[in-house]
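**Student:** For my numbering, add 167 to where a residue sits in the sequence shown, where the first one is 1. Where is the CB? At the ideal position from N, CA and C, for every residue including glycine. It should be emphasised that the depicted structure is a prediction, and the values quoted were computed from it without experimental measurement.
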Amino acid sequence: MPARRKAATVAAVGLAPLALTVLAGAPAAAHGSMGDPVSRVAQCYAEGPESPRSDACRAAVAAGGTQALYDWNGVRIGDANGRHQELIPDGKLCSANNEAFKGLDLARADWPATSVRSGSYTFKYRVTAPHKGTFKVYVTKAGYDPTQPLAWDDLDLAHPVATATDPVASGGFYTFSGTLPERSGRQLLYAVWQRSDSPEAFYSCSDVTFGGGGDGSTPAPSASAPSKEQIEDGADKSTIEHGGHGDQDAGTSAKPAAESAAGPAAEPVAGAAVKSPTPVAHAPKAAGATENLAETGGSGGTAYLAMGGAAALALGSAALFASVRRRAASGGRHGR
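Laid out in structure tokens, this is it:
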């Protein structure tokens with residue numbers, strides 16, 4: 168094979184997979200946390216990461232720093248795939264075994280709490296990027312002691328108080344119904360959101376009081392979720408506003424393809440995802456999968472933009488190959 172034609176072939180073969188790499192390695196937006204009853208991390212973010220009002224949130228900042236609160240929507244495991252109890256040890260449920268969020272695991276009875284009653288309850292999950300998947304919410308068993316580290320055995324895993332698959336996101340929330348059992352005093356609700364278009368899962372702890380206390384303890388401060396304005400104001404300080412997906416390890420995210428090709432950029436914070444100037448499509452499933460990108464729950468527009476970019480690269484590589492081949496053929500004729 169002539170040298171020019173061989174070079175053209177190498178270019179075409181090399182650039183075509185690059186188009187797929189750009190799509191597969193592209194970062195996408197992240198994610199959410201329970202908004203009602205408000206999760207610990209969202210509550211502390213609402214108080215203000217730099218100067219929280221409650222003793223519990225101040226202790227959480229002292230233990231884990233303020234960044235965890237700015238990253239309130241990222242308590243997650245990237246490759247969970249339903250293996251929640253396998254990957255999260257007792258005592259670390261609220262942080263999902265992520266060192267960056269260890270302040271959320273503090274065992275104390277003064278976390279700000281939402282007042283609830285037994286019976287039907289409408290849950291609202293604050294979402295910053297929608298995904299297909301299933302929500303399950305569990306409540307602690309009667310006799311739960313908030314001054315002891317939360318263990319899996321503290322939860323009534325056999326009877327989730329709410330289960331919802333693919334609810335529709337509206338107004339910044341997933342809203343779904345459940346039923347709270349008979350309980351009294353301080354309890355905790357543990358929410359697991361397992362995506363179906365990815366192995367990624369999200370976790371949150373929401374402190375609640377049944378019947379306004381009733382256990383003789385000092386009432387905890389009332390909980391309150393962050394407003395839309397507060398979320399927008401702190402977005403520029405989040406390290407996971409736009410997080411990578413795909414086959415990343417738990418607690419980490421894939422680097423953008425451009426960085427992988429050009430070499431490392433600034434080293435990201437451990438456990439945080441790499442920021443991107445604009446949200447783009449989620450990484451596709453492995454070859455042979457049949458996922459419809461329109462079913463990921465993300466923005467259809469960004470998905471098609473990313474697909475279009477990949478297609479453009481593929482077409483560009485084909486055009487380059489054809490152009491070089493024509494030049495090579497022309498050069499061969501002129502040389503004869």
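On a CA-only basis, which of V306, V335, R275 is nearest S371? Give me that one, please.
**Tutor:** Translated into positions along the sequence shown, residue 371 becomes position 204. Minimum Cα distance to S371 is reached at V306.
**Student:** Quick check on DSSP: helix, strand or coil for R144?
**Tutor:** This structure cannot settle anything about residue 144, because the visible part of the chain is limited to 168 through 503.
**Student:** When you compare only the Cα positions, how much space is there between A263 and R353?
**Tutor:** On the sequence shown, residue 263 is found 96 positions in, with the first residue counted as 1. On the sequence shown, residue 353 is found 186 positions in, with the first residue counted as 1. So the two alpha carbons sit approximately 22 Å from each other.
**Student:** Does the stretch 327–347 come into contact with the stretch 292–304, if we say contact requires no fewer than three beta-carbon pairs (one atom in each stretch) closer than 8 Å?
**Tutor:** yes
**Student:** D257: buried (16+ other C-beta within 10 angstroms of its C-beta) or exposed?
**Tutor:** Numbered from 1 along the sequence shown, position 90 holds the residue referred to as residue 257. So D257 counts as exposed.
**Student:** In this structure, how does DSSP classify R275 when only helix, strand and coil are distinguished?
**Tutor:** Taking the first residue of the sequence shown as position 1, residue 275 is located at position 108. In the structure shown, R275 sits in coil (DSSP, three-state: anything other than H, G, I, E or B).
**Student:** With distances taken between CB atoms, is the gap from G270 to G245 smaller than 8 Å?
**Tutor:** Mapped onto the sequence shown, residue 270 falls at position 103. Mapped onto the sequence shown, residue 245 falls at position 78. The Cβ-Cβ distance between G270 and G245 does not fall below 8 Å.
**Student:** Using alpha carbons as the reference points, say which of S337, Q361, T314, V228 lies closest to L355.
**Tutor:** Counted from its first residue, the sequence shown places residue 355 at position 188. The candidate whose alpha carbon is nearest that of L355 is T314.
**Student:** State the start and end residues of the unbroken alpha helix (DSSP H) segment that holds C211.
**Tutor:** For the purposes of this step, residue 211 is taken as the residue at position 44 of the sequence shown. Start and end: 207–214.
**Student:** What first and last residue would you give for the beta strand (DSSP E) that runs through A358?
**Tutor:** Sequence index remark: in the sequence shown, residue 358 carries index 191 (1-based). Taken as a continuous stretch (DSSP letters only), the beta strand (DSSP E) holding A358 covers 352–362.
**Student:** For I398, name the three-state secondary structure that DSSP assigns.
**Tutor:** As a first step, residue 398 is located in the sequence shown; it is residue number 231 there, counting from the start. Residue state, collapsed to three classes: helix.
**Student:** Can you confirm whether the stretch 289–299 touches the stretch 216–225 when touching is taken to mean that 3 or more C-beta pairs between the two stretches lie within less than 8 Å?
**Tutor:** no
**Student:** Let me confirm a value: V294 is counted as buried when at least 16 other C-beta atoms fall within 10 Å, else exposed. Which label applies?
**Tutor:** Locating residue 294 in the sequence shown gives position 127, where the first residue counts as 1. Answer is buried; the Cβ neighbour count reaches 16.
**Student:** Based on Cα-Cα distance, which residue from R362, S337, E266 lies nearest to A247?
**Tutor:** Indexing the sequence shown from 1 puts residue 247 at position 80. Ranking the options by Cα distance to A247, first place goes to R362.
**Student:** Would DSSP call V304 helix, strand or coil?
**Tutor:** Here residue 304 refers to the residue found at position 137 of the sequence shown. Correct three-state label for V304: strand.
**Student:** Counting only the same chain and skipping the five closest in sequence on each side, list residues whose C-beta sits under 7 Å from that of I255.
**Tutor:** Position 88 of the sequence shown, counted from the start, is the residue given in the question as residue 255. Taken in chain order, the residues that qualify are A263, N264.
**Student:** Hey, how far is the Cα of V283 from the Cα of F343?
**Tutor:** By 1-based counting over the sequence shown, the position of residue 283 is 116. By 1-based counting over the sequence shown, the position of residue 343 is 176. So the alpha carbons of these two residues sit roughly 16 Å apart.
**Student:** Report yes if the CB atom of D277 is closer than 8 Å to the CB atom of P316, and no otherwise.
**Tutor:** Against the sequence shown, residue 277 aligns to sequence position 110. Against the sequence shown, residue 316 aligns to sequence position 149. With contacts defined as CB atoms closer than 8 Å, D277 and P316 fail to qualify as a contacting pair.
**Student:** Helix or strand or just coil, what does DSSP make of A325?
**Tutor:** The count along the sequence shown starts at 1 and reaches residue 325 at position 158. Looking at A325 - three-state DSSP - the assignment turns out to be coil, as it is neither helix nor strand.
**Student:** Measuring alpha carbon to alpha carbon, tell me which of A296, Q252, V228 ends up nearest F268.
**Tutor:** Taking the sequence shown and counting its residues from 1, the one referred to as residue 268 is at position 101. Minimum Cα distance to F268 is reached at V228.
**Student:** So, helix, strand or coil for K259, using DSSP?
**Tutor:** Stepping through the sequence shown from its first residue, residue 259 is reached at position 92. K259 falls in the coil class under three-state DSSP.
**Student:** If we ignore side chains and look at the alpha-carbon of each, how far apart do T346 and A368 end up?
**Tutor:** In the sequence shown, counting from the first residue as 1, residue 346 sits at position 179. In the sequence shown, counting from the first residue as 1, residue 368 sits at position 201. Taking the straight line joining both Cα atoms gives about 23 Å.
**Student:** Between the C-alpha atoms of P327 and R350, what's the straight-line distance to the nearest angstrom?
**Tutor:** One-based indexing of the sequence shown puts residue 327 at position 160. One-based indexing of the sequence shown puts residue 350 at position 183. When rounded, the distance between both Cα atoms is 14 Å.
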